[in-house]
Amino acid sequence: MDFYVTVLGSSSATLANHRGLTSHVVNYGGNYLMIDCGEGTQLQMRRFHVPMQKINHIFITHLHGDHYYGLIGLLSTYHLYQREAPLHIYAHEPLQEIIDIQLRASETELCYPLYFHTIPYQHRGVLLDRENFYVHTFPLLHSLPTNGFVIREKTRPRKISKEAIEGVDIPNEAFDYLKQGKDYSTEDGRILRSNELTTSPLPSRSYAFCSDTGYTESFLDDICDVTLLYHEATFMKDDVPSGKLAMYHATAEQAATIARKAKAKQLLLGHFSGRYESLEPLKEEATRVFSKTNLVEDGRRYLIHAYKVL
Ligand SMILES: [Zn+2]
Ligand SMILES: [Zn+2]
């Protein structure tokens, strides 16, 4: 099952050359989920060949403009393209009114169903539950109500053991039973045992999105053991400005500390301040605390691998 994220923008609110504003598109087995939709997201989707029409769920972390100013443009484009599929938006309450006002002002009645799901203040819980995965949300530490998200795969099927099935006559319909851990009785009276013919499933994969946030350990349980953690790293530790910005944004070192404490398998840093031309020093700062760190790049796709922890 495919599971990867395409990063459409890696900049914080201060504009930077060659970096778009925050938006990630996660593909889990053909389910396309967007997280945040900063200004310019539509253009980035076209540029990086993300299938715009396949997105059915959009999650907005908070209502600072760099995380949602691209949304009304996207909703309008769907209308112009005569989209029919329903679209679900998950966000804090004021966004519904903002969308309504903009649509009313342009006398637009959308040609597709738009469902708005309010994320209550400080909410923690499951927002979307599907057969193979679910999306859980949790509060972050920011100057506005802000939520992070984690997309977790449910238990994966057991793997058929090539060695074990060699020479065994197995009807096609038995494979699904065996992969689900169930034994299968054949018409000629044999019992095919799942635990003899399959091996344990790979660990479930997960992707967590934590931006914008200051340093807080309040969501470590929510993202525990995550396969790939995206955490903001707006500044380096020696560049943190005084006042609110310091409280509500994280440094590269702090992001790495969260990754280590949450037992994440890999860390992606993003939401970089426009002051940084080169981002390598941020990576170096984080790597000293958590070695499996990378910097996000606009347009790149990051596979969410299953890991066996040794
Ligand atoms: Zn931001
Ligand atoms: Zn913000």
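In my numbering, the protein residues as written are 36 to 345. Don't be surprised by glycine CBs; every beta carbon is placed ideally from N, CA and C. Predicted model only: the values in this text are computed from it and were never measured.
Between the Cα of residue i and the Cα atoms of the options, which residue gives the shortest distance?
| i | options | result |
| --- | --- | --- |
| Y250 | T286, D273 and L115 | T286 |
| D204 | R193, P192 and S220 | S220 |
| A297 | E198, S313, Y265 and E320 | Y265 |
| E346 | M36, G334 and K300 | In the structure as shown, the chain begins at 36 and stops at 345. Residue 346 is therefore absent and cannot be evaluated. |
| A120 | R240, F254, Y283 and H92 | H92 |
| T322 | E332, M282, M271 and G105 | M271 |
| S241 | L302, T248, E132 and N52 | L302 |
| V170 | M282, D333, N66 and S196 | N66 |
| K279 | F244, K318 and L176 | L176 |
| A299 | T172, Y113, I258 and S313 | I258 |
| A290 | V275, R335, S277 and T269 | T269 |
| P238 | D260, I90, E320 and E319 | D260 |
| I124 | T112, H340, P148 and F254 | P148 |
| H284 | L314, S277 and D247 | D247 |
| K318 | I293, R295, H340 and E288 | E288 |
| N62 | E332, L106 and F38 | F38 |
| R54 | G183, D101 and K89 | D101 |
| T328 | E315, R335 and R336 | E315 |
| E231 | L115, G160, E198 and G224 | E198 |
| T234 | K194, D333 and L122 | K194 |
| P86 | G216, F94 and V60 | V60 |
Residue i lies in the beta strand (DSSP E); which residues open and close that run?
| i | result |
| --- | --- |
| G305 | Q301 to G305 |
| L43 | F38 to G44 |
| A321 | Element bounds for A321: not the beta strand (DSSP E) but the alpha helix (DSSP H), E315 to T322. |
| M271 | That residue, M271, is in no beta strand (DSSP E); it is neither H nor E in DSSP. |
| N62 | S58 to Y63 |
| G160 | G160 to D164 |
| N346 | Since the first residue shown for the chain is 36 and the last is 345, residue 346 is missing from the structure and cannot be characterised. |
| Y67 | N66 to I70 |
| K241 | For the record, residue 241 in the displayed sequence is Ser; it is not Lys. That run of the beta strand (DSSP E) goes S241 to C245. |
| R54 | Note, R54: premise wrong, no beta strand (DSSP E); not H, not E. |
| Y337 | R336 to L338 |
Taking residue i as part of the alpha helix (DSSP H), name the residues at either end of that continuous run.
| i | result |
| --- | --- |
| R81 | T76 to R82 |
| E288 | A287 to K296 |
| M282 | K279 to Y283 |
| S229 | S229 to L232 |
Write down every uninterrupted run of the beta strand (DSSP E) in the region 173-227 whose length is 3 residues or greater and which is fully enclosed by it, in chain order.
182-188
Which residues end up in the neighbourhood of ligand 1 when you take C-beta atoms closer than 7 Å to any of its heavy atoms?
S47, A48, T57, H99, D101, H102, S246, D247 and H306
Would the region 306-315 and the region 43-55 be scored as touching if the rule is three or more Cβ pairs under 8 Å?
yes
Three CB pairs or more closer than 8 Å across the region 138-158 and the region 120-129:
yes
Please list the segments of the alpha helix (DSSP H) lying wholly inside the region 79-129, counting only runs of 4 or more residues, in order along the chain.
106-115
List in chain order: all unbroken beta strand (DSSP E) runs of 3+ residues lying wholly within the region 126-157.
149-153
Three-pair Cβ contact test at 8 Å for the region 68-81 versus the region 103-123:
yes
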